[in-house]
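Participant:
Number of protein chains: 2
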Amino acid sequence: MRLTLHSPMDMHLHLRDGDMLRTVAPLSARSFSAAIVMPNLVPPITTQQMVRSYKERIMEATKGLEFEPLMTLFFKPEYDYDFLAKVREDIAAIKLYPAGITTNSQDGVDNFSLEALAPTLEAMSELGIPLCVHGETNGFVMDREAEFVPIYERLAKRFANLKIIMEHITTKRAVEALLRYENLYATITLHHLYITLDDVIGGLMRPHLFCKPVAKRPEDRMALRKVAFMAHEKVMFGSDSAPHPRSAKEAPGCAAGVFTAPVALPALAQLFEAAGVLENLQKFVSDNAQSIYGITPPAKEVHLVKELWRVPERYGDVVPMFAGEELAWRVDEDTTA
Amino acid sequence: MRLTLHSPMDMHLHLRDGDMLRTVAPLSARSFSAAIVMPNLVPPITTQQMVRSYKERIMEATKGLEFEPLMTLFFKPEYDYDFLAKVREDIAAIKLYPAGITTNSQDGVDNFSLEALAPTLEAMSELGIPLCVHGETNGFVMDREAEFVPIYERLAKRFANLKIIMEHITTKRAVEALLRYENLYATITLHHLYITLDDVIGGLMRPHLFCKPVAKRPEDRMALRKVAFMAHEKVMFGSDSAPHPRSAKEAPGCAAGVFTAPVALPALAQLFEAAGVLENLQKFVSDNAQSIYGITPPAKEVHLVKELWRVPERYGDVVPMFAGEELAWRVDEDTTA
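Protein chains in written order, with the numbering used here: chain A, 4 to 340; chain B, 4 to 340.
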């Protein structure tokens with residue numbers, strides 16, 4: 004059995020920089036036609052020059068592959084209309100992190116009052132720049148996303164023309180909010196469709212499945228699966244693939260992030276097929292995102308074949324999800340173009 | 004400031020065997036007068052001969068120290084009255100594990116029907132042998148203990164003369180059940196008084212704080228602290244100190260267990276002092292357990308002094324809780340006798 008995906012996109016991707024960028028970017032570029040690239044480098048991407056230079060480094064790392072990096076800025080409440088108008092042509096979205104909530108987010112937002120955010124968000128609204136949000140408070144780990152939902156709701160009401168993307172949602176509560184507000188959209192990761200907290204700490208502890216937001220309860224996963232499997236027009240695939248070297252994962256202070264870029268499409272095909280909704284995968288991995296973002300990615304066909312594929316133990320120094328396990332599908336790179 | 008504890012006991016302790024036993028047993032024996040020793044070796048302790056031989060190995064490992072290992076059998080529904088009457092003099096309790104629920108529990112109970120358990124539990128009841136229970140189902144990791152509570156309640160009602168000890172309780176739900184049934188008692192660990200799931204996976208992932216049952220929510224910890232701090236007569240200290248070599252903790256499949264034996268009394272003193280209830284520590288670490296078990300441990304004074312103590316990074320190949328951190332109290336070994 005074969006499946007052809009047209010211009011699949013990863014709407015939430017961490018490509019890092021330097022050697023890690025050179026290791027992981029080609030893996031995304033082989034499977035995807037375009038990807039929204041997160042700006043949480045050290046220091047974060049906050050200027051037009053940084054956006055352009057980072058994009059060049061990504062293009063260099065993916066040379067010869069049909070792949071468009073869709074760049075983002077790291078949200079700052081200082082951004083004004085003139086700056087945003089100038090940088091608009093270089094970016095697809097702006098990513099907002101609450102301060103200190105995940106990897107390299109120290110410089111994020113610590114004041115969510117509408118007044119503090121209004122000038123920048125109104126300018127973004129006028130310029131049609133989507134706002135991507137890492138929606139977690141600094142509360143108890145299982146409650147952080149649910150506690151952030153009222154902030155999503157306030158933002159959605161106050162900035163009705165702003166497209167707000169709830170990144171990597173993990174809870175039933177977030178899905179419910181998503182469906183209530185016209186201008187809320189969401190990305191859903193591969194791993195949150197597959198796992199719950201049980202997979203992370205229910206048996207032995209599995210650092211390679213540890214991520215932020217942490218995987219939640221079975222009923223939360225069910226809510227995510229429901230909207231993903233039907234390819235609800237408000238949701239799109241965003242892997243949040245977040246590579247760390249083994250030394251940072253298999254250590255007493257294990258970094259958060261699951262590396263899924265090279266396994267994402269085969270694992271999604273396996274999951275959607277098992278749910279009897281393989282025909283919805285195209286929308287989930289591309290069409291919905293094109294509508295939500297109003298973009299047209301490079302034309303590219305990615306061919307999947309239903310053949311057992313043993314996932315490599317490592318890509319460079321990074322351990323992928325499903326390392327050493329078998330997936331029912333693989334990307335047929337010979338015919339992908 | 005000094006604090007003298009009279010015959011402190013650890014009512015839930017893993018001493019392992021072989022080299023690990025020789026590393027960790029003296030650390031418990033320096034701080035405690037006696038300890039309930041868990042039987043989940045490989046294979047589990049299920050015969051009188053195994054109990055006696057394991058006790059000898061522990062005595063050998065703690066030679067020269069005033070310390071009484073209180074032995075336990077690994078619960079089997081096959082144990083009959085005659086066997087139990089014979090082994091009674093060698094054991095302080097019998098420990099029941101649901102099958103496959105934690106380290107080396109494969110041979111545990113998989114049928115909790117009262118009929119299946121009645122012969123053994125009635126015999127234990129007649130012989131006055133307490134039943135220690137690891138109370139978790141195989142459900143979702145955050146719900147396992149709460150889901151087991153109805154089993155505790157059924158057992159408590161049906162075997163009203165059996166002393167049932169809810170081991171290492173972690174939830175508000177368990178505390179509520181404990182208080183409702185006369186013949187339910189509980190041990191509480193050091194780490195569950197200190198941490199919540201936030202400490203394990205809320206920031207970076209910390210394998211050395213990963214244990215079963217996993218640490219729960221802030222309101223659960225509060226419920227544990229409430230009964231521990233008042234030294235409620237139904238609760239007693241049981242560390243569940245569970246050493247694993249570093250290679251088993253700092254790895255992709257991290258084993259469950261927090262090693263607290265050498266830090267337990269100083270850390271408890273710090274916590275009880277901060278809560279303004281230092282005078283209740285004696286009951287929590289000894290008097291309550293003496294009443295519940297009806298035992299008199301060897302007379303031994305353990306002296307704590309309020310002096311900053313930097314916890315070693317390792318004991319042998321085992322990383323303790325608070326490794327490299329400072330505690331406000333230390334055990335004064337020169338005067339402990």
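Using N, Cα and C, we set each Cβ at its ideal position, and we do this for glycine too.
Bear in mind the structure is a predicted one, so any value in this text is a computation, not a measurement.
I'd like the span of the beta strand (DSSP E) that includes K98/A, first residue to last.
Facilitator: It spans A96 to L99 - the beta strand (DSSP E) in which K98/A sits, taken as one unbroken run.
Participant: Once you ignore the five residues that flank E253/A on each side, which residues in its own chain have a CB closer than 7 Å to its CB?
Facilitator: P210, listed in sequence order.
Participant: In the DSSP assignment, what are the bridge partners of Y188/B?
Facilitator: In the DSSP output, where bridge partners are listed per residue, Y188/B has I168/B.
Participant: Just to make sure I have the definition right: I need the residues of chain A whose C-beta is within less than 8 Å of the C-beta of M145/B. Which are they?
Facilitator: Going along chain A in sequence order, the residues near M145/B (Cβ under 8 Å) are M145, L200 and R220.
Participant: In chain order, what residues of the same chain have a beta carbon less than 6 Å from the beta carbon of T140/B, not counting five sequence neighbours either side?
Facilitator: Excluding positions up to five away in sequence, the list reads R147, E150 and F151.
Participant: At a Cβ threshold of 8 Å, is P343/B touching chain A?
Facilitator: Only positions 4 to 340 of chain B appear in this structure, which leaves residue 343/B out of reach.
Participant: Starting from L193/A and walking both ways along the alpha helix (DSSP H), at which residues does that stretch end?
Facilitator: Start and end: L193 to Y197.
Participant: Rounded to whole angstroms, what is the Cα-Cα separation between V334/A and P221/B?
Facilitator: If I take the Cα positions, the gap works out to 45 Å.
Participant: Excluding five sequence neighbours on each side, which residues of the same chain lie with their C-beta closer than 8 Å to the C-beta of R249/A?
Facilitator: Here the set comprises R317, D320, V321 and V322.
Participant: Given 8 Å as the limit, is there contact between the stretch 18-31 of chain A and the stretch 260-270 of chain A, that is, 3 or more CB pairs closer than that?
Facilitator: Segments in contact, yes.
Participant: Just to confirm, are N114/B and P47/B a CB contact at a threshold of 8 Å?
Facilitator: No; because the gap between Cβ atoms is not below 8 Å, this pair is not in contact.
Participant: Taking all protein chains shown into account, decide if E170/A is buried (16 or more other Cβ within 10 angstroms of its Cβ) or exposed.
Facilitator: Buried.
Participant: To which residues of the same chain is R161/A closer than 7 Å at the C-beta, ignoring the five residues directly before and after it?
Facilitator: Once the five neighbours on either side are set aside, the close Cβ partners of R161/A are L117.
Participant: Answer yes or no: do F213/A and A270/A have a C-beta to C-beta separation smaller than 8 Å?
Facilitator: No, the pair does not count as a contact, with Cβ atoms beyond the cut-off.
Participant: According to the neighbour-count rule (16 or more other Cβ atoms, all chains shown, within 10 Å of its Cβ), is L311/B buried or exposed?
Facilitator: Its Cβ having fewer than 16 others within 10 Å, L311/B is exposed.
Participant: Assuming P301/B contacts E69/B under a Cβ cut-off of 8 Å, what Cβ separation, rounded to an integer in Å, is found between them?
Facilitator: Indeed, because the Cβ distance is near 5 Å, the residues count as touching under 8 Å.
Participant: Could you pull the DSSP bridge partners for V238/A from this structure?
Facilitator: Its beta-bridge partners are A189/A.
Participant: Assign R183/B to one of two classes, buried (16 or more other C-beta atoms within 10 Å of its C-beta) or exposed (fewer than that).
Facilitator: So R183/B ends up on the exposed side.
Participant: Starting from the C-beta of G142/A, find all residues in its chain whose C-beta is less than 8 Å away, skip the five residues before and the five after it, and write them out in chain order.
Facilitator: Excluding positions up to five away in sequence, the list reads E150.
Participant: Go ahead and pull the three-state DSSP assignment for L284/A.
Facilitator: If DSSP states are grouped into helix, strand and coil, L284/A belongs with the helices.
Participant: Can you check whether the C-beta of R209/A is within less than 8 Å of a C-beta belonging to chain B?
Facilitator: Yes, because at least one Cβ of chain B sits closer than 8 Å to the Cβ of R209/A.
Participant: Could you tell me which of I298/A, R55/A, I94/A and T50/A sits nearest to K79/A, measuring between CA atoms?
Facilitator: Checking every option, the nearest Cα to that of K79/A belongs to T50/A.
Participant: Just to confirm the assignment: which complete beta strand (DSSP E) runs, minimum length 3, are found wholly within the stretch 24-88 of chain A?
Facilitator: Here the runs fully enclosed are 37-40 and 71-77.
Participant: Using a 10 Å radius around the Cβ and a threshold of 16 neighbouring Cβ atoms, would you call P246/A buried or exposed?
Facilitator: Answer is buried; the Cβ neighbour count reaches 16.
Participant: Less than 8 Å between the C-beta atoms of H137/B and T173/B, yes or no?
Facilitator: No, these two residues do not count as a Cβ contact at 8 Å.
Participant: Could I get the ranges of all uninterrupted beta strand (DSSP E) runs contained in the stretch 108-168 of chain A, with 3 residues as the minimum, in chain order?
Facilitator: The stretch 108-168 of chain A contains these whole beta strand (DSSP E) runs: 134-136.
Participant: Go ahead and label N164/A buried or exposed: buried means 16 or more other beta carbons lie within 10 angstroms of its beta carbon, across all protein chains shown.
Facilitator: Exposed, because fewer than 16 other Cβ atoms sit within 10 Å of the Cβ of N164/A.
Participant: Cα separation between A218/B and V238/B?
Facilitator: Their backbone Cα atoms lie some 18 Å apart in a straight line.
Participant: Below 6 Å CB to CB, which residues in the same chain sit around T123/A once its five sequence neighbours on both sides are set aside?
Facilitator: Only P80 and Y82 meet the Cβ criterion.
Participant: Would you mind sorting R228/B into buried or exposed? The rule is 16 or more other CB atoms within 10 Å of its CB.
Facilitator: That one is buried.
Participant: Rounded to a whole number of angstroms, what is the C-alpha to C-alpha distance between P315/B and H17/B?
Facilitator: Cα-Cα distance, rounded: 20 Å.
Participant: On a CA-only basis, which of A96/A, D93/A and V112/A is nearest A102/A? Give me that one, please.
Facilitator: Considering only alpha carbons, the answer is V112/A.
Participant: Nearest by alpha-carbon distance to V178/B: which of G67/B, R157/B and M225/B is it?
Facilitator: Nearest C-alpha to V178/B: M225/B.
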